[in-house]
Amino acid sequence: MGDQQQHADLQRWRLILGPAAEASTGGLNKANAGRDAALDWLYGRDDDLGKRGVRRGGTRDGARGAGDEASALTTVDWLDGIHKLFPKETIERLERDAVERYEIHDVLTNPEVLERIEPSPALLKAVLRTKHLMNPQVLAAARRIVEEVVQRLVEKLSVQVRTVFTGSRTRKPSRHRRARDFDLKRTLRANLKHYRPEERRVAIERPEFHSRTSKRLEQWQLVLLVDQSGSMTGSVIHSAVTAACLHALPGLKTHLIAFDTAVVDMTSDVDDPVELLMKVQLGGGTDIARAVEYGAGLIENPRRSIVALISDFYEGGSEGRLVHLVKQLCEQGTQVLGLAALDEDANPIYDHHMASRLTNVGAHVGAMTPSHLVEFVAERLGT
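Numbering (the UniProt record's numbering), first residue to last: 1 to 383.
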């Protein structure tokens, strides 16, 4: 057992240190030689690794294969190999680095590659950034990635939307036993007499549950204005998903507007986030004021409207006009929400000066995940 562990350790060190360490670690077995070749094919492109002598590295046209014979790997070969040689988490990291770090274009332009690659949020972003370069055959294969990732996001957010809008917990007890309505504090108080000191446990003989009151939505409008510049790709994706989930709610009229220097009303596709994302054109300049002016023109009842501006706030048009328009909206009673990010990470990069100016005229500015936006909308709707 000790010899096997030592051999495994030497194999790992050889993978980390590269061929130069073989005099001390010995050669690689067949499986690890395959892993080494796959890693070299990708990370051998990193010039910095070569300068530091960390590993020999492959070339942009090929890499060493398992054993002693050289083998020129195609992207398809490489994808097939990593799916056999590595665990799922590692595969996702390798695919993400191939797309984002090394910009291996045939990952996104070869339909055979797209059919094999694992759909992921990172790959979805890459597809949206490059889909305007794809021919119809490649675009059809790319659509599968968009559909799979969007479906996962919709399923996740739909649960949160239903939880927020189908009823709120009250302090009243309920006879309906549902796990999500379990009342821990009341249960502990009701069962303290069953405390077992020797086991340091409370025997739960009578669980307690919250009751829920139904929620009724008054007629409100939600206008989502989404900056489709390249830096906002993640927010564009989650805006489409969020709009689709909120669109189905009774009493809430949802609009989705995409903008750069032009404004495109995509409300007709709001119930189909896949189709919507396939139509979005990322990049270009930014005229936020024009989008806000368009959104303001959609408002029917100012005091029952929310305008959510999803942008990095780097205004390419008139800053003064943007601030004036937001001030007008706030003064008429419209809720204006400025989101510097709307995605699962909510890590914003934005113009702090402009964000501060918008805050000073009455807007609420911050970064949110989609679920937080749903909660914000629910609170403003009086639910």
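From the three backbone atoms N, C-alpha and C, an ideal C-beta is built for every residue, glycine too.
All values derive from a computational prediction rather than experimental measurement.
Checklist entry - Alpha carbon to alpha carbon, what distance is there between R45 and V236? => result Near 31 Å, if we compare the C-alpha coordinates of R45 and V236.
Checklist entry - So what's S24 in DSSP terms, helix, strand or just coil? => result helix
Item to check | Validate contact between the region 306-323 and the region 341-356 using beta carbons, cut 8 Å, 3 pairs | outcome: yes
Checklist entry - Looking at the structure shown, is D36 part of a helix, part of a strand, or coil, going by DSSP? => result helix
Checklist entry - So D77 is in the alpha helix (DSSP H); what residue range does that whole segment cover? => result 75-85
Next on the checklist: Restricting to Cα atoms, I'd like to know which of V99, H364, V241, A289 is closest to M266.
Outcome noted: Distance check between M266 and each of V99, H364, V241, A289 places V241 closest, using alpha-carbon atoms only.
Next on the checklist: Relative to the C-alpha of E205, which candidate in R189, N32, Q228 has its C-alpha closest?
Outcome noted: R189
Checklist entry - Should the region 98-112 be regarded as contacting the region 258-276, the criterion being three or more beta carbon pairs within less than 8 Å? => result The count of Cβ pairs closer than 8 Å, one atom from the region 98-112 and one from the region 258-276, stays below three, leaving the stretches out of contact.
Item to check | Nearest to G27 (by Cα), restricted to the options A38, L39, W13, D40 | outcome: W13
Checklist entry - Which value, in whole angstroms, describes the spacing of the CA atoms of F376 and G34? => result About 50 Å.
Checklist entry - DSSP on R196, reduced to helix/strand/coil? => result strand
Item to check | Residue burial classification, I104 (beta-carbon count within 10 angstroms, cutoff 16) | outcome: buried
Item to check | Candidates V326, A122, R116, of which the one nearest V138 by Cα | outcome: Of the candidates V326, A122, R116, R116 places its Cα closest to the Cα of V138.
Checklist entry - Near D61, what residues of its chain come up, given a Cβ to Cβ distance below 6 Å and the 5 sequence neighbours on each side ignored? => result Confidence at D61 is low in this model, with a pLDDT of 39, below 50, so its placement is unreliable and no value can be given for it.
Item to check | Beta-carbon contacts of I91 that lie in its chain and below 7 Å, excluding the five residues immediately before and after | outcome: Sequence-distant partners of I91 (beyond 5 residues in either direction) whose C-beta falls short of 7 Å from its own C-beta, in its chain, are I82, H83, E118.
Next on the checklist: For D97, which residues in the same chain have their Cβ closer than 7 Å to its Cβ, ignoring the five residues on either side in sequence?
Outcome noted: L42
Checklist entry - Relative to the alpha-carbon of Q221, which residue among E199, A203, H238, K253 has its alpha-carbon at the smallest distance? => result K253
Item to check | Which residues DSSP lists as bridging R201, in chain order | outcome: R196
Item to check | Rounded straight-line distance, which links the Cα of V154 to that of A140 | outcome: 21 Å
Checklist entry - Do E147 and V292 have their C-beta atoms closer together than 7 Å? => result Result no, Cβ atoms of E147 and V292 do not sit closer than 7 Å.
Item to check | Pairwise C-alpha distance: H324 and V361 | outcome: 8 Å
Checklist entry - Between F209, K156, V159, L309, which lies nearest to Q228 when the distance is taken from Cα to Cα? => result Comparing C-alpha distances from Q228 to each of F209, K156, V159, L309 shows the shortest one belongs to L309.
Item to check | Backbone CA spacing between P250 and G285 [nearest angstrom] | outcome: 36 Å
Checklist entry - Name the DSSP bridge partner or partners of F259? => result D227, V263
Next on the checklist: Just to confirm before moving on: does the CB-CB distance between V336 and V307 stay below 7 Å?
Outcome noted: Going by beta carbons, V336 and V307 fall inside the 7 Å limit.
Item to check | Buried/exposed call for E331, threshold 16 Cβ in 10 Å | outcome: Residue environment analysis places E331 among the exposed positions, since fewer than 16 neighbouring C-beta atoms fall within 10 angstroms of its C-beta.
Item to check | Beta-ladder partner(s) of V307, from DSSP | outcome: V223, V336
Next on the checklist: I'd like to know whether the C-beta atoms of L329 and M368 end up nearer to each other than 7 Å.
Outcome noted: no
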